[in-house]
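The next block holds one structure in the form of structure tokens; read it before the comments.
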Ligand code: AMP
């Protein structure tokens, strides 16, 4: 007889979630939390597995958060394969799937977002290119953390700026939750895994490998070429491609996310955003 697969309990409302989690909370057992927008891949699953290893119970949320999309077309086409996702969560041993509706997260159609000051962290890169994105993101992350009340919450370094902003928010408001950053999981050819990859045509998927290949070359050039020369190299790679459009490429300090000027002896990170047809992809590499 085949072993019975691990089953994931699904909660759609906060009372349903409490009903499942209260027994763990009462026993002071650790709740680990992985917030996602679904269309799960091995990148998400790596977060679930790390959470499994470090907590007694693991909650994954799937919620495509409307307030963090600055482009309505991007929100509309965002993939939502919920049944497939559930199966992946079961295979990974996830205990609870929190699957709230828009009405649960934004009652009475009130889409007000938090007016948080992130200092300079959100003035660059994704913050500059996607107005309102981080206000929407932090609003939903805050609501989800309040609902799940985890001790540990797991975020991918794939969204490097998001991770920095979440950590800043948690520290500033003295919220007693550990924010754990997890490494980027890549496809065998190097492309960073992303839910948006499934929106690429076969031709766009082939081209997309240039994004990570360029970052790997940047890492090789680091310390040998100037920031200006590295930026010219990256721009040129995408001009040569002729189809993909570079949205931005930045070399920044990994703590402040401000442009790297060599004046501080601190870790740098190269961050990139590219339009591959209609699909916008981001990636980064620590230097
Ligand atoms: P998303 O569903 O895209 O909002 O992502 C949910 C979480 O998974 C975020 O913390 C992401 O940074 C993380 N994540 C997405 N893609 C990857 C990846 N390729 N490797 C590691 N973490 C990832």
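Numbering (this note's numbering), first residue to last: 62 to 348.
Where is the CB? At the ideal position from N, CA and C, for every residue including glycine.
Just so you know, these numbers come straight off a predicted model, no measurement behind them.
Just so you know, the alpha carbons of residue 268 and residue 225 end up roughly 29 Å apart. Three or more Cβ pairs drawn from the segment 138-150 and the segment 90-107 lie within less than 8 Å of each other, which places the two stretches in contact. By the neighbour-count definition (other C-beta atoms within 10 Å, threshold 16), residue 96 is a buried residue.
Bounds of any alpha helix (DSSP H) do not take in residue 341; it lies within the beta strand (DSSP E) bounded by 340-347. By the criterion of a C-beta distance shorter than 8 Å, residue 296 is surrounded in its chain by 307, 310, once the five residues flanking it on both sides are discounted.
Residue 117 carries a coil assignment under DSSP once its states are collapsed to helix, strand and coil. Under the criterion of beta carbons closer than 8 Å, residue 273 and residue 247 qualify as touching, at roughly 7 Å.
Three or more beta-carbon pairs separated by less than 8 Å link the segment 71-84 to the segment 200-219, which places the two stretches in contact. CA-to-CA, the gap between residue 125 and residue 252 works out to about 23 Å. In the DSSP assignment, residue 159 falls within the beta strand (DSSP E) that extends over 157-159. The beta carbon of residue 246 sits closer than 8 Å to at least one heavy atom of the ligand AMP. Counting other Cβ atoms within 10 Å of its Cβ, residue 197 reaches 16 or more and is therefore classed as buried.
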